[in-house]
DNA sequence: ATATTTGCTAACCATATGGTTAAACCATCT
DNA sequence: AGATGGTTTAACCATATGGTTAGCAAATAT
């Protein structure tokens, strides 16, 4: 019996859980707080999701499945490496700006429990580097790009895009910026990061 | 009355606390586990450090004061930007390889409690960008470097060096590498990251 | 030698927390 | 109307957890 109201409750729980888990992590999150945010009784959490662990996994999976497609953009379309980098950098920073807790949440929880990613790997749509590797190799051979391994390039792209969100408090302290200035700094990166990468790898 | 034995106990606690806190974080750490690892009674933790919070702060401060001097290397010596980047990249990756939990610990806990860094900012030896900024400006004006803001360059350097340690489980999954292969990949970055950055910013 | 301070432990405490239960509620079907 | 079955709640439970206390042990001072 899936009335509207039922679906709402389940979704409300997931939403509240998303907020709490992403901000406080598995260990810091409290079932009571999730229930309060969802505006329901704590017992409902268990009615719908059985346990904290399962509720957490539901949140983690939706978070991860939000992030993965973004990566596939750069891996699986047919444009040139340069275009891919420009597109990805701009899109990704825009995307994360709307979900600023996402990368940190995923990275943190994977460090807490590295085996967790094995469950994700089986999912359809898990990022796969094969096409990207071939493409980098081809463009290097053609002399479009300077020699670089696809893995290292991929890591660099991720690092330059994701790190400013993950290490935000640290960087804000080092660079002496407030929220507004940091937002601007991130905004600038939408094009600067791509330029930075392409400057480095493109043959002239 | 600081006998050897006393100092040993206090240090043993700090050491055990370091291990537990760095792996499990403030929320995931248990006082009992710290006591067990230190081989002493739980009450001793409170005898020496009063509360979990204070013990945690002691750990955090030592961790942070281990990391900060590394950053000052790149900021405050007199070599050229290029040399700084080469030195820093190699040294930093070597250093972190010996303390792999450090960056993630600091980043995670700062996200949990951003105000925490204010306490650090007052410490002597807190990284300061002023000299680095001037130097970048000078080298850009001289035409040695392509135009880039010192802040963005600094963020890029940090990102490329630190991110592979922070996001290790994620990257291992994406690139399909095991522990050994990942270690090699990191090893290669000691020079490749510097090349990557310098390629990007140096005028030819 | 004795008193005193310091280091340490076992037992205990109050509270927080994830989870359960029994009963109430409410919509739908007969 | 009354039975049925999914949904929701208040009250409850067992355990984990940070923290405290009273007293012992050992070193230091007198």
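Chains as they are written, first to last, in the UniProt record's numbering: chain A, 1 to 204; chain B, 1 to 204.
We put the beta carbon where it would ideally sit given N, CA and C, even for glycine.
The structure displayed is predicted, hence computed values, not measured ones.
query: With DSSP as the reference, please indicate the residues paired to residue 145(B) in a beta bridge.; result: 202(B)
query: Where does residue 60(B) land, buried or exposed, given buried means 16+ other C-beta within 10 angstroms?; result: buried
query: Residue 134(A) touches chain B at which residues, Cβ-Cβ below 8 Å?; result: The premise fails here: residue 134(A) is roughly 15 Å from chain B at the closest Cβ pair, so nothing lies under 8 Å.
query: So which residues of chain A does residue 175(B) contact, with C-beta pairs closer than 8 Å?; result: 129, 151, 154 and 155
query: Hey, is residue 200(A)'s beta-carbon within less than 9 Å of any beta-carbon in chain B?; result: yes
query: Please go through the same chain and pick out, in chain order, the residues whose beta-carbon is closer than 6 Å to the beta-carbon of residue 197(B), but skip the five residues on each side of it.; result: 85
query: Does residue 113(B) pass the burial test, meaning 16 or more other C-beta atoms within 10 Å, or should it be called exposed?; result: exposed
query: Between the Cα of residue 35(B) and those of 47(B), 53(B) and 16(B), spot the shortest distance and give me the residue it belongs to.; result: 16(B)
query: Could you say if the region 52–59 of chain B and the region 138–150 of chain B meet the contact criterion of at least three C-beta pairs nearer than 8 Å?; result: no
query: Quick check for students: name the residue ranges of the alpha helix (DSSP H) that lie wholly in the region 84–129 of chain B, counting only runs of 4 or more.; result: 102–112 and 116–121
query: How many Å lie between residue 18(A) and residue 63(A) at the Cα?; result: 8 Å
query: Count the other CB atoms within 10 Å of the CB of residue 167(A); is the residue buried (16 or more) or exposed (fewer)?; result: buried
query: Is there a Cβ from chain B that is less than 9 Å from the Cβ of residue 76(A)?; result: no
query: Is the region 72–79 of chain A close to the region 36–44 of chain A, with three or more CB pairs under 8 Å?; result: no
query: Do you know offhand how far residue 183(A)'s Cα is from residue 94(A)'s?; result: 11 Å
query: What residue from 126(B), 66(B), 145(B) and 9(B) has the CA that sits closest to residue 200(B)'s CA?; result: 145(B)
query: Under 9 Å, Cβ to Cβ, is there at least one residue of chain A near residue 3(B)?; result: Its pLDDT being 35, under 50, residue 3(B) is placed unreliably by the model, and the measurement read from it follows with that caveat. Cβ-Cβ to chain A under 9 Å: no for residue 3(B).
query: For residue 67(B), collect the residues of the same chain with a Cβ closer than 8 Å to its Cβ; drop the 5 residues on either side in sequence, then sort them by chain order.; result: 102, 103 and 106
query: Rounded to whole angstroms, what is the Cα-Cα separation between residue 194(A) and residue 88(A)?; result: 9 Å
query: Measure the alpha-carbon distance for residue 39(A) versus residue 121(B) and round it to whole angstroms.; result: 40 Å
query: Straight-line CA distance for residue 173(A) to residue 47(A)?; result: 44 Å
query: Select from 176(A), 185(A), 149(A) and 155(A) the residue whose C-alpha is nearest the C-alpha of residue 165(A).; result: 185(A)
query: Return helix, strand or coil for residue 13(A), following the three-state DSSP convention.; result: helix
query: Closer than 9 Å, Cβ to Cβ, to anything on chain B: give me those residues from the region 156–190 of chain A, in chain order.; result: 156, 158, 159, 160, 161, 162, 163, 164, 166, 167, 168, 169, 170, 171, 172, 173, 174, 175, 176, 177, 185, 188 and 189
query: DSSP state of residue 30(B), grouped into three classes?; result: coil
query: Of the choices 31(B), 33(B) and 91(B), whose alpha-carbon is the least far from that of residue 69(B)?; result: 91(B)
query: Is residue 112(B) close to chain A, meaning its C-beta is less than 9 Å from at least one C-beta of that chain?; result: yes
query: Report the CB separation of residue 124(A) from residue 116(A) in whole angstroms; it is logged as a contact under 8 Å.; result: With 8 Å as the limit, residue 124(A) and residue 116(A) do not qualify as a contact, their Cβ atoms being about 18 Å apart.
query: Taking the alpha helix (DSSP H) that residue 177(A) falls in, what are its first and last residues?; result: Unbroken run through residue 177(A): none, as it is neither H nor E.
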